[in-house]
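J.: With the working numbering, letter number 78 in the sequence shown gets 67, and the count goes up by one each step, no holes. Glycine included, each C-beta is placed from N, C-alpha and C at the ideal position. Being a predicted model, the structure only gives us computed values, none of them experimental.
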Amino acid sequence: PPFCPPARGKGGGEASKEEGNKDPNALVDISKLQVYDRNWDGRAPKEGDPKPKASRFLILVRHGQYLDTKKTDAERVLTSTGRQQARVVGRRIADMPYEVDRVVVSDMARAQETFDLIMKVLPDGTPTHVMHGLREGRPCQPIPPSRSGIFKQSSVDRDGARIDDAYHELFHRSSPEQDKDSHEVVVCHANVIRYYICKALQVPTEAWLRMGLAHCSCTVIEIKPSGLVSVRAMGDTHYLPPHLVTYV
-10 PPFCPPARGK GGGEASKEEG NKDPNALVDI SKLQVYDRNW DGRAPKEGDP KPKASRFLIL
50 VRHGQYLDTK KTDAERVLTS TGRQQARVVG RRIADMPYEV DRVVVSDMAR AQETFDLIMK
110 VLPDGTPTHV MHGLREGRPC QPIPPSRSGI FKQSSVDRDG ARIDDAYHEL FHRSSPEQDK
170 DSHEVVVCHA NVIRYYICKA LQVPTEAWLR MGLAHCSCTV IEIKPSGLVS VRAMGDTHYL
230 PPHLVTYV
C-alpha cells in the first residue's frame, strides 16, 4: 500500500507525545534563520545622529521588446511592439500621483530608445542620468543553471562588479536632509532587475533566473527610512493590453 505518514497530533505515537508537551505559547526559534543586515547600505544612523524620515521609491522598468536576433547593440533596437509598450508605460508613469524626481537609464540602445519614448510624456526638465553599470549582463551564476549552462567566471566577475557598482549607487536609504518621499525611474534590463530584487531583499542572488519579467513591466521597490526594503510591485503589466504583454 502507498506510504501515508501519521497525522500530526493524532494517535499514540512519540510524535503526538512530543507535540503534547510543547508550550502552545512558545515563539518560533529564529536563532537558525537568516540574519537580516539592517545596515546593508552602510548608512544606518549612529545613536544621537539625525535619522532619515522619507522613503525612496525605485521604479525599475524593463525596456521594450527588441530585435534580439541581431548581433550588435546598435542593431538591437525596439520592434514596433516595443515602441508601443514604451509609450504605454510612459503614460502610466506620467499618470502616477507623484512627481518623478529622476530618470536613470542604461546606455544600451534598447533601453535608450525606451527611455526616449518615456521622456516624451514626462515634464520638461525632469532630471536624467545615463548609467553604464546598468547594461545587461550576467550578474552571478544562477541556480539551477540556465540552458546556457555554467557561465564563464571571467564574465561573471566583469558583469557582476559593474552591476553591483550601479546597485550601490542606486540602492540606499534617504539622507536625513530629505524631507519627502522620492521616486526615481530606472530603465534597464531583465537580468539586472531580477538580480537587484534578490539583492535588495537579502535573499540568495543565485535565484534571480527563477523570475520572469515582461517588456516594459514595472517593479517598484521602497527603501524605508529605517533601511527596510519592500517590493511594492514586481513585473507589473496591468496597464498593458494583453497583446502588448511579451517576454521575448
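Taking Y185 and V77 to be in contact with their CB atoms under 8 Å, please state how far apart those CB atoms are, rounded to whole angstroms.
T.: One-based indexing of the sequence shown puts residue 185 at position 196. One-based indexing of the sequence shown puts residue 77 at position 88. Not really, about 23 Å apart at Cβ, beyond 8 Å.
J.: Could you please give the first and the last residue of the uninterrupted alpha helix (DSSP H) stretch that includes H172?
T.: Working through the sequence shown from its first residue, we reach residue 172 at position 183. H172 -> not in any alpha helix (DSSP H); beta strand (DSSP E) instead, spanning S171 to C177.
J.: Compute the distance between the beta-carbons of L49 and T235, then report whether it is under 7 Å.
T.: Here residue 49 refers to the residue found at position 60 when the sequence shown is read from its first residue. Here residue 235 refers to the residue found at position 246 when the sequence shown is read from its first residue. It is not a contact, given that the beta carbons lie outside the stated cut-off.
J.: For V175 and V93, which I take to be in contact (beta-carbon distance under 8 Å), what is that distance rounded to the nearest angstrom?
T.: In the sequence shown, residue 175 corresponds to position 186, counting from 1. In the sequence shown, residue 93 corresponds to position 104, counting from 1. So it is a contact: roughly 5 Å between Cβ atoms.
J.: In its own chain, which residues sit with a C-beta less than 7 Å from the C-beta of V119, not counting the 5 before and 5 after it?
T.: Numbered from 1 along the sequence shown, position 130 holds the residue referred to as residue 119. Excluding residues within five positions, the ones whose Cβ falls inside 7 Å are V94 and D96.
J.: For the ligand ADP, is there a heavy atom less than 6 Å away from the beta-carbon of D96?
T.: Of the ligands one can find in the structure shown there are none, so the ligand ADP has no counterpart to examine.
J.: Taking DSSP's pairing of strands, which residues face T117 in a bridge?
T.: Within the sequence shown, residue 117 is the residue found at index 128, counting from 1. V92.
J.: Apart from the five residues on each side of it in sequence, which residues of its chain come closer than 7 Å, Cβ to Cβ, to S206?
T.: For the purposes of this step, residue 206 is identified with residue 217 of the sequence shown, where counting begins at 1. Cβ within range, chain order: R51, G224, D225 and T226.
J.: Could you check what DSSP says for L49 in three-state terms: helix, strand or coil?
T.: As a working mapping, residue 49 is identified with position 60 in the sequence shown. Shown here, L49 sits in a strand according to DSSP, grouped into three states.
J.: Check the C-beta distance from P165 over to P13 and give it rounded, since I have them as a contact under 8 Å.
T.: Working through the sequence shown from its first residue, we reach residue 165 at position 176. Working through the sequence shown from its first residue, we reach residue 13 at position 24. Contact flag wrong, Cβ pair sits at about 44 Å.
J.: How is P(-10) classed by DSSP in three states: helix, strand or coil?
T.: Sequence index remark: in the sequence shown, residue -10 carries index 1 (1-based). Confidence at P(-10) is low in this model, with a pLDDT of 44, below 50, so the placement of that residue should be treated as unreliable; the coordinate-derived value is given next. Of the three classes helix, strand and coil, the one that applies to P(-10) here is coil, per DSSP.
J.: On the premise that G216 lies in contact with A33, defined as a C-beta separation below 8 Å, what is that separation, rounded to the nearest angstrom?
T.: Here residue 33 corresponds to residue number 44 of the sequence shown, with the count starting at 1. Here residue 216 corresponds to residue number 227 of the sequence shown, with the count starting at 1. Yes, A33 and G216 are in contact; Cβ-Cβ is about 6 Å, under 8 Å.
J.: If contacts are defined as beta-carbon pairs under 8 Å, then T103 and G53 qualify, I think. What distance do you get, rounded to the angstrom?
T.: On the sequence shown, position 114 is the one that residue 103 refers to. On the sequence shown, position 64 is the one that residue 53 refers to. Going by Cβ atoms, the distance from T103 to G53 rounds to 5 Å, so yes, they are a contact pair.
J.: List the whole-angstrom C-beta distance separating G126 from A155, where the pair is believed to meet the contact cut-off of C-beta under 8 Å.
T.: Taking the first residue of the sequence shown as 1, we reach residue 126 at position 137. Taking the first residue of the sequence shown as 1, we reach residue 155 at position 166. The C-beta distance from G126 to A155 rounds to 10 Å, too long to fall under 8 Å, and the pair is not in contact.
J.: Identify whether C205 lies in helix, strand or coil by the three-state DSSP scheme.
T.: The sequence position of residue 205 within the sequence shown is 216, counting from 1. Coil.
J.: If you drop the 5 nearest sequence neighbours on each side, which residues of the same chain put their C-beta closer than 7 Å to that of E195?
T.: For the purposes of this step, residue 195 is identified with residue 206 of the sequence shown, where counting begins at 1. Within the same chain, E195 has close Cβ partners C129, Q130, P131 and I132.
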